[in-house]
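First up is the structure itself, then whatever we jot down about it.
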Amino acid sequence: MLRSISPIVLCGVAAVAHAQVPLPADVQAASGKFTLKADDAIQTNSPAAAKEAEKFAAGLRTSTGLPLTVGTAQARIRVGIDESVRATGGDEGYRLNVTPEQVQLTAATAEGIFHGLQTLRQLLPPAAFSTQKVSGTEWSIGAVKIDDRPRFGWRGFMLDESRHFFGMDYVKHLLDAMAARKMNVFHWHLSDDDGWRIEIKSWPKLTEVGAWRGTECALPNTREGETHKRYGGFYTQEQIKEIVAYAAERHIDIMPELDMPGHCLAVTTAYPETLPGTGDDSVSVQGVKANVLSPAREGNYKMVDDIIREVATLFPFQFIHVGGDEVNHNAWSKDPAIKALMEKENLKGLGAVQNYFTRRLETIISKHQRRMVGWNEILGGGNLRPDTTVMAWTGTGPGFEAAKKGHPVIMAPGPYCYFDMGYGGPDEPKTHWWAGNIETSKTYSFDPTSGGNLTPDQQALVQGAHGALWTEFVTDGTGADYRIFPRLNALAEVAWTPQEKRNWDDFTRRFGDDLERLHYQGIAFRVPPPTALWKQGKAKLVPPFPGADMRFTTDGSKPTADSPRYESVISIADPNKLRYITVFRGRTSPAKNGAEREGFAKWSPENITADWKPVDFDASAAVTADGIHRALFQFNSGGKKLVIRKVELLRDGKVIATDAHDGESGGKAVNNSYRLPVTGHRSGAKYTLRAEIKGDGGNDSRGGISLDRAEGLEPEMTVAASADGYQEHTAASLVTWNPGSYFWSNRPLKDGDTVTFTFAKPQVLRHVELPTGEASGTKDQIQNAVLEVSNDGKTFKKVADYGYGSAKADLDGKPVLAIRLRATGTHAGWCMVRLPQLR
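Written as structure tokens, this is what we have:
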């Protein structure tokens, strides 16, 4: 058991009133508590209220064992429809008033009643979510008054069932978890290259052929390492209807996605005639051939019309998602029919060909009384209908662009909302990586309308926030749960709670209770690990939520539930040997390695504002000798990122070093390190770090500032590689010596590939080390390579082999003009090269 006493005793009534996720818009805690009794019932004033109350009561009968009947007779718990709530709460809002004598819940609609009952259930002990009776618990609710409504009307999540098929039980399990946190749109990705998952009676081979892959199937195994003879599955139309009804009972709409014209290998395998007329060897960004429909084939629009007609009958929600992302336009480049279409329709380029196809889809979907949603690539190539909704996934930028063009927008940016990305750290399952690591805190830091310079009318076009799980590396429900939760808990609060009420520190105080709820719901969530701070031989662990049971080791071994429990500061000379976990109800978090240096100063709402201003921090204790010092701004918590534009170091009030560049520290750190050389150090002088900073849109931001002297040399240099870098992680990005920078090849390195560091002047070196891979783990390390040095930049000699991702060598002190990593074999994946360590 994580906590030996209940949250009610531990935190008091006021804290219990704030233990919900998502946090309600307005909460006023009172004194006392309401305790359920064996003869309690729920009084309702309408059939709609009675229906919602009965669903709520059924769940509590299971967990509490109390009879809890529903009717119209006078009772202490009252649930009713009240049209007056609509004025402040809209269709989804509610009012809840709990006193020691009674509970009263009102809303304008059944949907509002449902949301209010989720809050009421969360106000009870977490065991209220148990699927079996829990004995020995006092079923009490702290007195509180809540007036609640959502920030956004769209609070969504996508599950990809094409790559891997999960089945009805898991989908229902996911819908239950979403509903408890007031999520209201389930986006169901039902087709892609890997499989077609919905029965279409007018085109039966979509499931007869397209739903199955393997060595005995027309559709081959598509995932790395698969050896299936026959793998897959699909949902019959009757099963679809059952799941749609199940979701509707929980006030969740289901938006189906059928990806087109790209990502269509399952379709083109079932119906090869849908392909362009001329064979083409080009591939999609995933390396897939023959997965693009032909926009020049009129029969394809007949197929799409038939599919949409059946889908619209199955899904009453007004939106249908058509994908439109990552289309391999080269597949159309050689087809005479496409060229004829371009000439006939005056289409200037292959992007315009996709726009032609998309506009035909708009017409078909509108014909069936539905509205189209597509990924942000549909913005390219031409105009769209104003009511077409754009789902931004590559970042927030395309969403802001769509809003400025007048389109409704759903924000699902990968760097915050793609839960197939890793959490970070070496002790994690295989994941995607292109959007970086996404800790729960990063998801929580997302604000869907921030940073786009939108007018109020354009902000109103942002419909809400949306998470997603792509399942290339997820084969079962347990793996899906691990990646979704608790990041979805954070996203639920992003989408529901007013931005000004959101605060990461407050969220973590409520976090433990919501993990308890996930436990009782049978969800295999990721237990969050602690963080560690180190300073002058002392390390302290920071719990992920109050009362967390933290275990650690100091010899580099992996900790277990039987390792020493963290009670107080740990004495440890080498923080790299520290490893630590959280233990929760017999389960353990991933193990984390090492510790961050504890900063010499902090920023917080007390010393920053939403406007630029210089803030001074006493740095005398941090500046103790000559050398290159780096001020690093590390975001810890809050709803706003810190923005920096200039950092100065002063000695006795006089500026001695300046670094002026734009940086930020928040959910993503961008150029957040500032280089400050110190010469002529004076003992006893007062050193001051002055930073021109602001909170981006508010002052809810907290973090630490470290000022460390470089242990090695940082000479001026150029960096070149034989492979291109991925996005901003080019070889040239290393020249600033910004801590945390790395070159990330956009392809696997092969024998003979090089990464070369050439210094502006020869350096007298006695030691060199060049690490590779992720700093906190083994991801993208280089193994088959050697480290070489050169005195003239032309002739290189080997000084070390790579092992465990790094190579290092002691040198003879002669001048070195260049060092080089040279691959001696082919690597399986992309490779990272970090900054060299020179002494």
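Numbering (the numbering used here), first residue to last: 1351 to 2189. Just so it is clear, CB atoms sit at the ideal spot from N, CA and C, and this is done for glycine as well.
- In the DSSP assignment, Asn1678 falls outside any beta strand (DSSP E), carrying neither H nor E.
- Its chain contains Glu1676 as the residues whose beta carbon lies nearer than 7 angstroms to that of Val1635, once the 5 sequence neighbours on both sides are disregarded; these appear in chain order.
- Collapsing the DSSP output to three states places Leu2188 in a strand.
- Spanning the alpha carbons of Arg1852 and Asn1571 requires a straight line of approximately 45 angstroms.
- Ranked by Cα distance from Lys2129, the first of Tyr1768, Ile1922, Arg2025 and Trp1784 is Trp1784.
- Excluding residues up to 5 positions away in sequence, Pro1374, Val1377 and Leu1446 lie with their Cβ nearer than 6 angstroms to the Cβ of Ile1496 in the same chain.
- For the pair Ala1529 and Ile1873, the CB atoms are not nearer than the 8 angstroms cut-off.
- For Cys1567, the closest alpha carbon among the candidates Glu1558, Glu1574 and Gly1575 is that of Glu1558.
- In terms of Cα proximity to Thr1385, the closest of Thr1414, Thr2080 and Pro1372 is Thr1414.
- Two segments are said to touch when three or more pairs of C-beta atoms, one from each, lie closer than 8 angstroms; by this definition the segment 1863 to 1877 does not touch the segment 1388 to 1397.
- Around the beta carbon of Lys1991, 16 or more other beta carbons sit within 10 angstroms, so the residue counts as buried.
- Beta-bridge partners assigned by DSSP to Tyr2024: Ala1981.
- With respect to the 8 angstroms criterion, Val1642 and Ala1681 are classified as neighbours on the basis of their beta carbons.
- Annotated three-state conformation of His1523 is helix, per DSSP.
- CA-CA distance, Arg1980 to Glu2066, rounds to 16 angstroms.
- Looking from the CA of Gly2048, the closest CA among Gly2030, Glu1956 and Gln1984 belongs to Glu1956.
- Taken through DSSP and simplified to helix, strand or coil, Phe2107 comes out as strand.
- Secondary structure note for Asn1447: its beta strand (DSSP E) is the uninterrupted segment Tyr1444 to Val1448.
- In terms of Cα proximity to Trp2180, the closest of Thr1903, Val2149, Lys2148 and Gln2131 is Gln2131.
- Under the 8 angstroms Cβ criterion, the segment 2153 to 2168 does not count as touching the segment 2079 to 2095, having fewer than three qualifying pairs.
- The Cβ atoms of Thr1586 and Glu1623 do not sit closer than 8 angstroms to each other.
- Exclusion of the five residues before and after Lys1551 leaves Gln1587 and Glu1660 as the residues of its chain whose Cβ lies within less than 8 angstroms of its Cβ.
- As computed with DSSP, Phe1406 is found in no beta bridge at all.
- The continuous alpha helix (DSSP H) containing Ala1616 extends over residues Leu1615 to Ala1620.
- Annotated as proximal: Trp2094 and Met2182, with beta-carbon spacing under 8 angstroms.
- Within the model, the alpha-carbon separation for Leu1868 versus Ala1478 is close to 11 angstroms.
- The straight-line gap separating the alpha-carbon atoms of Pro1836 and Thr1805 is approximately 33 angstroms.
- Around the Cβ of Val2020, a 10 Å sphere holds fewer than 16 other Cβ atoms; the residue is exposed.
- If you look at His1465, you'll find it in the alpha helix (DSSP H) that goes Ala1460 to Leu1473.
- Scanning its chain for C-beta atoms nearer than 7 angstroms, with the 5 sequence neighbours on each side dropped, one finds around Pro1909 the residues Arg1901, Phe1902, Thr1903, Arg1929, Tyr1930, Ile1931 and Ala1941, in chain order.
- Asn2049 sits in coil when the DSSP states are folded into three classes, being neither helix nor strand.
- As DSSP reads the structure, Phe2093 sits in a beta bridge with Val2183.
- Pairing Asn1926 with Lys1639, the inter-Cα distance amounts to about 46 angstroms.
- No Cβ-Cβ contact shorter than 8 angstroms links Glu1488 with His1601.
- Of the residues assessed, His2177 falls on the buried side of the cut-off, its CB having 16 or more other CB atoms within 10 angstroms.
- Under the DSSP assignment, Ser1490 falls in the beta strand (DSSP E) whose first and last residues are Ser1490 to Asp1498.
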